[in-house]
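Notes to accompany the following structure.
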Amino acid sequence: MKVLTILIICINILSCNSYYYVIRNYYSSYWKVHAIVLPECLLDNGNKSKIVENVTATLQVQSSQTVSNTSTCGKNLTVAKEHVGDFYIKHGGMITVKYFYQTSEKSFIRKIPDDCEIRAWEDKKGNYYCRFEDINPNKTIITKKEA
């Protein structure tokens, strides 16, 4: 009888510890999130030449501090934030990246992972990559009222 009682206690302890381990790992996995995009340059309608301007990418996870990076249009732009819980990546809508063209003052917002064209997890290094579709500031958006 004592052996059975000890066996039951050991099984309970082991099952509780393994459950705790799974829950802890699910909620405490942190990643460095990389948002990558090619912001195209605005075209000068009169000369049909490109207007080169700086584009700033600002990444924010919910209401935490933002990180930014600036580059010229026509070049890949990457912004990265460290120590982002995988909960924010998996559940969508909590990570936003705002792209702001400094001269023309055009802005575009993308969400991770919802708007990612390509997604990649690099487990060994703890990196998550999101590649957005190229941003084309020359596209005219037609609303339903105009159509």
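So in the working numbering, the last one in the sequence shown is 166, and the numbering has no gaps at all. All residues carry an ideal CB built from backbone N, CA and C; glycine is no exception.
Does the stretch 117-130 touch the stretch 71-81, meaning 3 or more C-beta pairs lie closer than 8 Å? Contact holds: three or more Cβ-Cβ distances are below 8 Å.
Could you please give the first and the last residue of the uninterrupted alpha helix (DSSP H) stretch that includes Asp-133? For the purposes of this step, residue 133 is identified with residue 114 of the sequence shown, where counting begins at 1. Run containing Asp-133: none; DSSP gives neither H nor E here.
Express the C-alpha separation of Thr-91 and Asp-63 in angstroms, rounding to a whole number. If you number the sequence shown from 1, residue 63 lands on position 44. If you number the sequence shown from 1, residue 91 lands on position 72. If you draw a straight line from the Cα of Asp-63 to the Cα of Thr-91, it comes to about 16 Å.
Using DSSP with H/G/I as helix, E/B as strand and the rest coil, what is Thr-85? Mapped onto the sequence shown, residue 85 falls at position 66. Note: Thr-85 maps to coil in three-state DSSP.
Whole-angstrom distance between Ser-87 and Lys-130, CA atom to CA atom: Your numbering for residue 130 matches position 111 in the sequence shown. Your numbering for residue 87 matches position 68 in the sequence shown. Rounded to whole angstroms, Lys-130 to Ser-87 spans 15 Å at the Cα level.
Cβ-based neighbour list, Val-52, same chain, cut-off 6 Å, excluding 5 preceding and 5 following: For the purposes of this step, residue 52 is taken as the residue at position 33 of the sequence shown. Lys-100, Val-103 and Tyr-147.
Check Asp-153 in the structure and name its three-state DSSP category. Counting from 1 along the sequence shown, the entry for residue 153 is found at position 134. Coil at Asp-153, not helix or strand.
For Val-98, collect the residues of the same chain with a Cβ closer than 8 Å to its Cβ; drop the 5 residues on either side in sequence, then sort them by chain order. Counting from 1 along the sequence shown, the entry for residue 98 is found at position 79. Taking C-beta separations shorter than 8 Å and ignoring five residues to either side along the sequence, the partners of Val-98 in its chain run His-53, Ala-54, Ala-76, Thr-77, Leu-78, Val-86, Ser-87, Asn-88 and Val-116, following chain order.
Which of helix, strand or coil DSSP assigns to Thr-122: Here residue 122 refers to the residue found at position 103 of the sequence shown. It is coil, neither helix nor strand.
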